[in-house]
Amino acid sequence: MIRVDEKNNVFFLDTENTSYGIAIVEDRYIEHLYYGAKLKDTDVRYLLREDEPPFTPRVNKRETGSFLDCAPMEYPEAGMGDYREGALCVRSEQGYRASELVYEGYETFRGKPQLEGLPATWGNESDCSTLKIICRDRLLNMKVTLLYSVFEGADAVIRSVLIENEGKEPFYIEKVLSACLDMDDRNFEMISLVGSWARERHIQRMPLTYGRHNVASFKGNSSHQEHPFMALVTPETTQNVGEVYAMNFVYSGNFIAQAEKSQFDSVRMTMGLHPEGFTWKLEPGERFTAPEVVMVYSDEGLGKMTRTYHDLYRNHLIRSPYLHKKRPILINNWEATYFDFDEKKLLEIAKEASELGIEMLVMDDGWFGKRSSDDSSLGDWYVNEEKIKGGLHNLVENVGELGMKFGIWVEPEMISPESELFREHPDWAIQIPGRDITQSRAQYMLDLSRDEVADFVYEMIADILKSADISYVKWDMNRQMATLGSAALPADRQGELAHRYILGVYRMQERLINDFPDLLLENCASGGGRFDPGMLYYSPQIWCSDDTDAVERLAIQEGTAMIYPVSSIGAHVSICPNHTVGRNTPFETRGDVALLGTFGYELDITRLSRDEKEQVKEQVKKYHKYNDLIREGDYYRLASAADNMYYDSWMIVEKDKSRALLFYVQVRARANAKSRFLRLAGLDAEKRYVINGKEYDGSLLMQAGVRISSESGDFRSKVIEIVKA
Ligand code: DGJ
16 MIRVDEKNNV FFLDTENTSY GIAIVEDRYI EHLYYGAKLK DTDVRYLLRE DEPPFTPRVN
76 KRETGSFLDC APMEYPEAGM GDYREGALCV RSEQGYRASE LVYEGYETFR GKPQLEGLPA
136 TWGNESDCST LKIICRDRLL NMKVTLLYSV FEGADAVIRS VLIENEGKEP FYIEKVLSAC
196 LDMDDRNFEM ISLVGSWARE RHIQRMPLTY GRHNVASFKG NSSHQEHPFM ALVTPETTQN
256 VGEVYAMNFV YSGNFIAQAE KSQFDSVRMT MGLHPEGFTW KLEPGERFTA PEVVMVYSDE
316 GLGKMTRTYH DLYRNHLIRS PYLHKKRPIL INNWEATYFD FDEKKLLEIA KEASELGIEM
376 LVMDDGWFGK RSSDDSSLGD WYVNEEKIKG GLHNLVENVG ELGMKFGIWV EPEMISPESE
436 LFREHPDWAI QIPGRDITQS RAQYMLDLSR DEVADFVYEM IADILKSADI SYVKWDMNRQ
496 MATLGSAALP ADRQGELAHR YILGVYRMQE RLINDFPDLL LENCASGGGR FDPGMLYYSP
556 QIWCSDDTDA VERLAIQEGT AMIYPVSSIG AHVSICPNHT VGRNTPFETR GDVALLGTFG
616 YELDITRLSR DEKEQVKEQV KKYHKYNDLI REGDYYRLAS AADNMYYDSW MIVEKDKSRA
676 LLFYVQVRAR ANAKSRFLRL AGLDAEKRYV INGKEYDGSL LMQAGVRISS ESGDFRSKVI
736 EIVKA
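Per our numbering, the very first residue in the sequence shown carries number 16; after that it's consecutive.
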């Protein structure tokens, strides 16, 4: 709900449990008033310290310098005297870098506008409301609209920004962030998700000291290394207690998320497009829309934040018809064969898999052009009939006769220097004339800022999809951006390439899901290099990491599930010793860990032992029994092996609290250890529950815990069902 108090010149965005307040000061400045637990009062302008120099120019001899550098601003601009991180930096045609946003008016309405060309949370008039705050830089005649939306039942505030050139000259946007949150410091600690290839989204927490601390990517994708997420938390914060202010960016390219503690002990938290290398020329009459940031406040710890993101993304971000459906259990041939396969090998895998209850075969990289290693053929999207004898249609039919669906891997955004496509269109690769193109995994990136390039590649892929009964696509992306240049952009628009590229990707994915509405799309980027809300808008699942080791996956999936619904996490059982880290883990544990996700297999199933094959059958049964609960339930994190070194544990609880699953993974055995009590979460304290045939009070299970005996051997796991008596 949106409350406007015109007398006091304040706006409040209310959710079920939170309020976000904005005030207009001196009829021109748009200041941040409050964000936190729900407030009833709107008469709270004292929070602005307006009578206290230097908090308004009026009581400070019209001194704007000291005021701008300390007042809490909703959308701070560069160049006028606020030396903290600015959200907007604009260069005029004459080369001056400054802007001064003056409040003009507001608008409120039910519903939420679509963001042009961008993924975004969606909802209709009964789901959400929007506030537009309109301001203007008079010199440039630049209209800036700050957009805020709130959804019923979700403790989130969604922000984005629209910039319009209503003047007579072009200007250049050099920086445009989407959200800024100014607050007094509360000894905040900063949580971010960091990592590397095959080690994505590990949770990092550190005290917020003076200065600027950020996570960012200017690699062209949201990246394995840092993640478009940041939370500031009060020091006592755990899963269940403490205050959390979080931001997550609905975008898949360059970003920056930053917290800055200033000389006055205030904290500015910002998020948006990374300004590195970015400039956007806005001609008169043109507009620019910045991607949106989803802000979540929780005063019940990180667990509440997590569940808010999960529900919001399941209800108002992911659009796929598969979102609320059990996905077919797939087997992917990548770790089974890498590039070394033919139709016979695929059929052998499919045959064995179908007998064990697996429902879909996914043919990974290597089926097209002359591709027998990663050295060639990206861009040549036609079937290699030397490998797939009889062609794709035939293979898919044969797989279908086994009662299985068929899925295919593609990497539409790339071009190999060794490809027919590159020989025909060398200018289609992103490059700087006269320089060597930076090569990575022996490939270049296609210039998807050019519609004709994106359309050409899209048509090739669409033809493949039309040529056979293909139920699933894994859309991969295996390198990061460098030597940025587009043959189609003029000199003063080269700074638009990285963003235009992402808009091109979005346009292609939009076409794909519209043209093939029954297709199950899984995004991927060398594992989890582009696991973000932007991609989730198009695909209900994303391959989480190229590290399929069950123990490595604990930390990766914990960090990922801190924001993203479990139903979106691509997770497979693979072979041991694990191909990435060489570890051996029990087959059962590999299955249990993969249940915290979409669940599938990625191994040569024909080489499993008889015992392992029996275990596959059991795992398939477990998946079918529990997937509805895992996909739709509430996720609670109980323990983290990354913190305690010994065990990891989480729960999924049915929304009505009638049923739950407890997952426990013992990572390290301990000599002379007694059993441990795991305190459960999310149950109804007033109700009784049955575990293994014995009844317990919900409150007992949550206060004292379930007894877990310590087992000999590392990497043992248990999945325990808890049902209301
Ligand atoms: C990276 C992906 O993450 C892998 O699963 C696999 O598809 C390879 N690319 C294929 O090149």
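Think of the CB as a built atom: it goes at the ideal place given N, C-alpha and C, for glycine as much as any other residue.
Do residue j and residue i count as a contact pair if the criterion is CB distance below 8 Å?
{"i": "I344", "j": "I373", "result": "yes"}
{"i": "D142", "j": "N32", "result": "no"}
{"i": "G574", "j": "H228", "result": "no"}
{"i": "P134", "j": "Y516", "result": "no"}
{"i": "S655", "j": "D663", "result": "yes"}
{"i": "H289", "j": "L196", "result": "no"}
{"i": "M429", "j": "I445", "result": "no"}
{"i": "G648", "j": "E629", "result": "no"}
{"i": "E122", "j": "K147", "result": "yes"}
{"i": "V209", "j": "V230", "result": "yes"}
{"i": "P505", "j": "V309", "result": "no"}
{"i": "N23", "j": "R60", "result": "yes"}
{"i": "E301", "j": "N180", "result": "yes"}
{"i": "R545", "j": "S501", "result": "no"}
{"i": "I590", "j": "Q572", "result": "no"}
{"i": "P91", "j": "R99", "result": "yes"}
{"i": "T304", "j": "S313", "result": "no"}
{"i": "Q718", "j": "R694", "result": "yes"}
{"i": "R685", "j": "I723", "result": "no"}
{"i": "L162", "j": "S175", "result": "yes"}
{"i": "Y187", "j": "K296", "result": "yes"}
{"i": "P306", "j": "F264", "result": "yes"}
{"i": "R15", "j": "T604", "result": "This structure cannot settle anything about residue 15, because the visible part of the chain is limited to 16 through 740."}
{"i": "T321", "j": "I578", "result": "yes"}
{"i": "P299", "j": "E184", "result": "yes"}
{"i": "Y44", "j": "G36", "result": "no"}
With a cut-off of 8 Å on the beta carbons, I'd call residue i and residue j a contact; round off their distance for me.
{"i": "S541", "j": "N493", "result": "5 Å"}
{"i": "M523", "j": "Y473", "result": "5 Å"}
{"i": "P243", "j": "A272", "result": "6 Å"}
{"i": "E633", "j": "T563", "result": "About 19 Å; that fails the 8 Å criterion."}
{"i": "G80", "j": "S193", "result": "Not really, about 27 Å apart at Cβ, beyond 8 Å."}
{"i": "D390", "j": "A457", "result": "5 Å"}
{"i": "D332", "j": "T136", "result": "As written in the sequence, residue 332 is Leu, which differs from the Asp given in the question. L332 to T136, Cβ: 5 Å. Contact."}
{"i": "D626", "j": "T595", "result": "No, D626 and T595 are not in contact; Cβ-Cβ is about 24 Å, not under 8 Å."}
{"i": "R342", "j": "L535", "result": "6 Å"}
{"i": "L83", "j": "M95", "result": "6 Å"}
Who are the Cβ neighbours of residue i in its own chain at under 6 Å, not counting the five residues just before and after it?
{"i": "K402", "result": "D357"}
{"i": "N538", "result": "W490, M550, S554 and I557"}
{"i": "M198", "result": "V282"}
{"i": "V411", "result": "F421, A483 and D484"}
{"i": "T160", "result": "K147, I149 and L177"}
{"i": "R201", "result": "T249"}
{"i": "A497", "result": "T453"}
{"i": "K404", "result": "E358"}
{"i": "G101", "result": "P91, E92 and A93"}
Who are the near neighbours of residue i in its chain, counting only those whose CB is closer than 7 Å to its CB and skipping five residues on each side?
{"i": "K53", "result": "D29, N32, T33 and S34"}
{"i": "A741", "result": "No answer is possible for residue 741: it lies beyond the span of the chain, which begins at 16 and ends at 740."}
{"i": "T252", "result": "E258, V259, G316 and L317"}
{"i": "P580", "result": "H325, Y328 and R329"}
{"i": "G168", "result": "E31"}
Between residue i and chain C, is any beta-carbon pair separated by less than 8 Å?
{"i": "N156", "result": "Note that chain C does not occur in the displayed structure, where there is just one protein chain."}
Which residues in the same chain have their Cβ closer than 8 Å to the Cβ of residue i, if we skip the five residues on either side of it in sequence?
{"i": "Q219", "result": "I206, S207, L208 and V209"}
{"i": "E710", "result": "R703, Y704 and A740"}
Would you be able to state if there are at least three C-beta pairs under 8 Å between the region 495 to 511 and the region 247 to 258?
-> no
Do the region 345 to 352 and the region 612 to 626 make contact, defined as three or more Cβ pairs closer than 8 Å?
-> yes
Please determine if the region 365 to 385 and the region 416 to 427 are in contact, where contact requires at least 3 C-beta pairs separated by less than 8 Å.
-> yes
Pick out the complete beta strand (DSSP E) segments inside the region 537 to 587, 3 residues or longer, and give them in chain order.
-> 556 to 558
Does the region 591 to 610 come close enough to the region 671 to 685 to have 3 or more Cβ pairs within less than 8 Å?
-> yes
Could I get the ranges of all uninterrupted beta strand (DSSP E) runs contained in the region 581 to 655, with 3 residues as the minimum, in chain order?
-> 615 to 617 and 649 to 654
Note down, one range per segment and in chain order, each beta strand (DSSP E) of at least 3 residues found wholly within the region 142 to 180.
-> 143 to 152, 157 to 166 and 171 to 180
Within the chosen definition, does the region 636 to 647 reach the region 383 to 401 through at least 3 CB pairs nearer than 8 Å?
-> no
Specify which residues have a beta carbon nearer than 6 Å to any heavy atom of the ligand ADP, listing them in chain order.
-> By its list of ligands, the structure shown excludes the ligand ADP, since it contains just the ligand DGJ.
Can you give, in chain order, each stretch of the alpha helix (DSSP H) that sits fully within the region 440 to 471 and has at least 4 residues?
-> none
Pairing CB atoms from the region 448 to 457 with CB atoms from the region 377 to 386, are three or more of them under 8 Å?
-> no
Scan the region 330 to 366 and note each continuous alpha helix (DSSP H) run of 4 residues or more that stays entirely inside, going in chain order.
-> 349 to 352
May I have a chain-ordered list of the alpha helix (DSSP H) segments no shorter than 4 residues that lie completely inside the region 63 to 87?
-> 79 to 83
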